[in-house]
Amino acid sequence: MKEKKTINKINIENRKARFDYEFINTYTAGMVLQGCEVKSIRNGDVSMSDSYCVFENDELYLKNMHISPYKDSGFAYTDYEPKRDRKLLLTRHELRKLHQSVKMNGLTIVPVRLYSTEKGLMKIVIALAKGKHSYDKSKSIKERDLDREMKNL
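Basically my numbering = 1-based index in the sequence shown + 184.
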């Protein structure tokens, strides 16, 4: 009998992006990763707080996402760069649509959530977003506090 491989469920959220941006549309994308990066993500050694997406040569890259080197490896990665650019995998239609929105409307693309599928693939949810002003942020803080008070009653 074949044993099923148990895969850790990973669900890492970028709460700072939810606070700083208003999401217009979300997309799910794959990422091009190295083996040691996948192991580090499974350990939860990821920081997406200052990351963003940018187009280079009609391809979408994730910049400034910090994935720590895998600690339990038998040898040290001397040439490993934790904040390297990672290519995102989307359909040609989605890439074209995102590129036009970013160019014309002055919107930005931010990572929202990093998760693993049942097959063990790492997926990232990115959002086409519009930056919030300071008064919008204070409004969302007030709404959040009111929701907490209502739940406690």
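We put the CB at the ideal spot given by N, CA and C, even for glycine.
1) Assuming contact is defined by CB atoms lying nearer than 9 Å, are residue 225 and residue 251 in contact in what I supplied?
2) Since residue 184 and residue 298 are thought to touch, with beta carbons under 8 Å apart, how far apart are those beta carbons, to the nearest angstrom?
3) By DSSP, does residue 238 sit in helix, in strand, or in coil?
4) Are the CB atoms of residue 272 and residue 237 nearer to each other than 9 Å?
5) Between residue 239 and chain D, is any beta-carbon pair separated by less than 9 Å?
6) Flag this pair as yes or no: are the beta carbons of residue 290 and residue 205 separated by less than 9 Å?
7) Note down the Cα distance separating residue 300 from residue 243, rounded to an integer number of angstroms.
According to the structure data:
1) Your numbering for residue 225 matches position 41 in the sequence shown. Your numbering for residue 251 matches position 67 in the sequence shown. For residue 225 and residue 251, yes; Cβs fall inside 9 Å.
2) Look at the range of the chain in this structure, 185 to 337, and you will see that residue 184 is not part of it.
3) Working through the sequence shown from its first residue, we reach residue 238 at position 54. In this structure, residue 238 counts as strand in the three-state DSSP scheme.
4) Counted from its first residue, the sequence shown places residue 272 at position 88. Counted from its first residue, the sequence shown places residue 237 at position 53. Yes, Cβ-Cβ distance for residue 272 and residue 237 is below 9 Å.
5) Protein chain content of the structure displayed is limited to a single chain, and chain D is not contained in it.
6) What you label residue 290 is simply residue 106 of the sequence shown in a count that begins at 1. What you label residue 205 is simply residue 21 of the sequence shown in a count that begins at 1. No.
7) Residue mapping note: residue 300 aligns to position 116 of the sequence shown, counting from 1. Residue mapping note: residue 243 aligns to position 59 of the sequence shown, counting from 1. So the alpha carbons of these two residues sit roughly 23 Å apart.
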